[in-house]
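Top line first, the protein sequences correspond to chains R and L. Take the first sequence: its position 172, counted from the start at 1, is 172 in the numbering used here, and no numbers get skipped. Throughout, the numbering used here is defined as the position within the second sequence, counted from one, plus 225. Glycine included, each C-beta is placed from N, C-alpha and C at the ideal position. These figures come from a predicted structure and were not determined experimentally. Accompanying notes for the structure given below.
Protein chains: 2
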Amino acid sequence: MESTGQKRIERIDTSVNKPAIPPSRTEKRAAKTRKKLLTAALEIFSECGVDAAAIDMITERADLGKGTFYRHFTDKYDIAGVLVEQAIDHLIETLRESDRQPTTTLQEVLEHFLNAHYAFFRNHQDEFILLFQGRLLLKLERQATDRIEAPFSRYLEEIERQLMPFLGEKKLDWVRIRRLACAVAGFVFGFFSFAMIGMEPQDIADSIKPLRQSFVKSLTMFLTQ
Amino acid sequence: MESTGQKRIERIDTSVNKPAIPPSRTEKRAAKTRKKLLTAALEIFSECGVDAAAIDMITERADLGKGTFYRHFTDKYDIAGVLVEQAIDHLIETLRESDRQPTTTLQEVLEHFLNAHYAFFRNHQDEFILLFQGRLLLKLERQATDRIEAPFSRYLEEIERQLMPFLGEKKLDWVRIRRLACAVAGFVFGFFSFAMIGMEPQDIADSIKPLRQSFVKSLTMFLTQ
DNA sequence: GTCATAATTGACTATATAGTCAGTTATGGA
DNA sequence: TCCATAACTGACTATATAGTCAATTATGAC
Chain R
1 MESTGQKRIE RIDTSVNKPA IPPSRTEKRA AKTRKKLLTA ALEIFSECGV
51 DAAAIDMITE RADLGKGTFY RHFTDKYDIA GVLVEQAIDH LIETLRESDR
101 QPTTTLQEVL EHFLNAHYAF FRNHQDEFIL LFQGRLLLKL ERQATDRIEA
151 PFSRYLEEIE RQLMPFLGEK KLDWVRIRRL ACAVAGFVFG FFSFAMIGME
201 PQDIADSIKP LRQSFVKSLT MFLTQ
Chain L
226 MESTGQKRIE RIDTSVNKPA IPPSRTEKRA AKTRKKLLTA ALEIFSECGV
276 DAAAIDMITE RADLGKGTFY RHFTDKYDIA GVLVEQAIDH LIETLRESDR
326 QPTTTLQEVL EHFLNAHYAF FRNHQDEFIL LFQGRLLLKL ERQATDRIEA
376 PFSRYLEEIE RQLMPFLGEK KLDWVRIRRL ACAVAGFVFG FFSFAMIGME
426 PQDIADSIKP LRQSFVKSLT MFLTQ
């Protein structure tokens, strides 16, 4: 049942710090607790999957009381939504770091894409798993859909944004750009996921270089054909 | 708790029909019931995800009593395992249909791969979703791991088998072949999954042809470089 | 038709998990 | 120090789901 009225006990909001007000000790304590919950939840979700995870697992892992969870989040899908947003932020951030280096050709941009995704896969494996298991929920008419779908769109848009400058010569076909974004995102996530089944970590690492090479060539061809 | 002794009530086994014995009406009834359960479960799993699905949802959808479920399967993950095996069988079957047409070049084989995957995505969408949500369970230390992982390995091996003949000139590097299989599987599954978020169905269909073209070129390059 | 056997049923019990709230502990201000 | 307020706690209740089993219905052999 959805409560249309306000909650009796207001939840804590440490998500956005009001600017120019130094955080009190109380606020810092709450923020630290929230952080502990987020960290624990990410681990649990990546181990068990969001649906199979229980609140108790999270609070247990965070070494906090169960009631504390409900002062910070409404339910599992609430905290999962926050984590997905964070993960996408990290992925986009990683993409922008690549973007900071001067790039003059489409090939270079695409190489940066692949590098950035590989870095993300290596350095944020829990988030990688979270994103990849959450992604498919879309098709599945569920409540949390928008909360989950929105960050993924942001991600696709970031890829598109970085591509734009190099497509000036050709017509800026929206479908073609989105198609490319899907191809890049899909290839990288899909490859790493399958690689996790079929290959040893060292083999995965060794595969990156030649794959990058031919995938970049292929995409360049695709975009400029 | 794992019961090491035998169950008090033996479950029905209609999975493999003993050869040369015509099925009785009783057997056919049981087989039909089992089929109804499998069909309902596939729908439910692809709508809600395996972890979020409940037995009641499945028996409700199949219009059967709950107890019936337990005469045919031990639990959710048991029936999910059967469904994953079936889905992989369909995918492999689709791959073999492509293979039946005479292929003389690596490019043709790769084109058939892409065609077959696209056909599977179009004609078995529920199974596509099931496979794709199940796939990641691997990383996540769970009980059903082997049951789920084995079919995926079969799938990768089928891809490898079809590629073999065209790699005779080059050294048969096991890692390289598995890498290619991961690339094909990952690209196709990954692309379609992201396309489901970011694109309209018609745009997806329109994307197949040009994508196939450049992806095939890319993979050929990759294998023969 | 009658009986033995097998499949099916769904109400029932056991269990696990969600979500609550009165009580406890920490912080901030006087 | 003492009080007001906010964060935290975990035992508790409500609910949902898993899994069971005695009763029911269908089938097969005679």
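Check your understanding: Of all the residues that make up the region 409-428 of chain L, which are near chain R by a beta-carbon distance shorter than 8 Å?
Key -> A410, G411, F412, V413, F414, G415, F416, F417, S418, F419, A420, M421, I422, G423, M424, D428
Review point. For M57(R) and chain L, any beta-carbon pair shorter than 8 Å?
Key: no
Point to revise | Distance between T329(L) and L320(L) (C-alpha atoms, nearest Å) | key: 16 Å
Review point. Using a Cβ-Cβ cut-off of 8 Å (strictly less than) and excluding sequence neighbours within five positions of I317(L), which residues of its own chain qualify?
Key: R379, Y380, E383
Exercise for review: Could you have a look at H124(R) and say whether DSSP puts it in helix, strand or coil?
Suggested key: coil
Review point. Smallest Cα separation from Y295(L): which of V309(L), Y343(L), Q311(L), I237(L)?
Key: I237(L)
**Study point:** Buried versus exposed call for K76(R) [16 or more other C-beta atoms within 10 Å across all chains shown]
**Key:** buried
Point to revise | Cβ neighbour criterion (16 or more within 10 Å) applied to R401(L) | key: buried
**Study point:** Limits of the alpha helix (DSSP H) - the one that Q86(R) falls within
**Key:** 76-100
Review point. Between K139(R) and chain L, is there a C-beta pair that is closer than 8 Å?
Key: Legend: pLDDT at K139(R) = 44, less than 50; position of this residue unreliable, value from coordinates given subsequently. Yes, because at least one Cβ of chain L sits closer than 8 Å to the Cβ of K139(R).
Review point. Around the C-beta of T284(L), are 16 or more other C-beta atoms found within 10 angstroms, so that it is buried, or is it exposed?
Key: buried
Point to revise | Where Q427(L) falls, given that 16 or more other Cβ within 10 Å makes a residue buried | key: exposed
Review point. How would you list, in chain order, the residues of chain R whose beta-carbon sits under 7 Å from the beta-carbon of F440(L)?
Key: S218
Review point. With 16 other CB atoms within 10 Å as the buried threshold, where does D63(R) fall?
Key: exposed
Practice item. Ignore the nearest five residues each way along the sequence and tell me which others in H337(L)'s own chain have a CB closer than 6 Å to its CB. Key: S323
**Study point:** Start and end residues, alpha helix (DSSP H) containing A389(L)
**Key:** Note on residue identity: the sequence assigns Met, not Ala, to residue 389(L). Careful: M389(L) lies outside any alpha helix (DSSP H) and carries neither H nor E.
Point to revise | Limits of the unbroken alpha helix (DSSP H) element including R270(R) | key: Outside the displayed span of chain R (1 to 225) sits residue 270(R), for which this structure offers no information.
Exercise for review: Can you tell me the Cβ-Cβ gap for V84(R) and L38(R), rounded? I've got them flagged as a contact below 8 Å.
Suggested key: Not quite, the Cβ-Cβ distance comes to about 11 Å (not below 8 Å), so this is no contact.
Review point. By Cβ distance, which residues of its chain are closer than 6 Å to Q143(R), with the 5 residues on each side in sequence left out?
Key: Because Q143(R) sits at a pLDDT of 41, beneath the cut-off of 50, its placement in the model cannot be relied upon, and the following sentence gives the value as read from the coordinates. None.
Review point. If we call anything under 8 Å between Cβ atoms a contact, is F194(R) one with L130(R)?
Key: no
Check your understanding: If L114(R) and F215(R) are in contact, beta carbons under 8 Å, what's the gap, nearest whole angstrom?
Key -> With a beta-carbon spacing of about 7 Å, L114(R) and F215(R) fall inside the 8 Å limit used to define contacts.
Review point. Measuring CB to CB, does H207(L) end up less than 8 Å from H297(L)?
Key: Lying outside 226 to 450, the shown extent of chain L, residue 207(L) is not represented and no answer is given.
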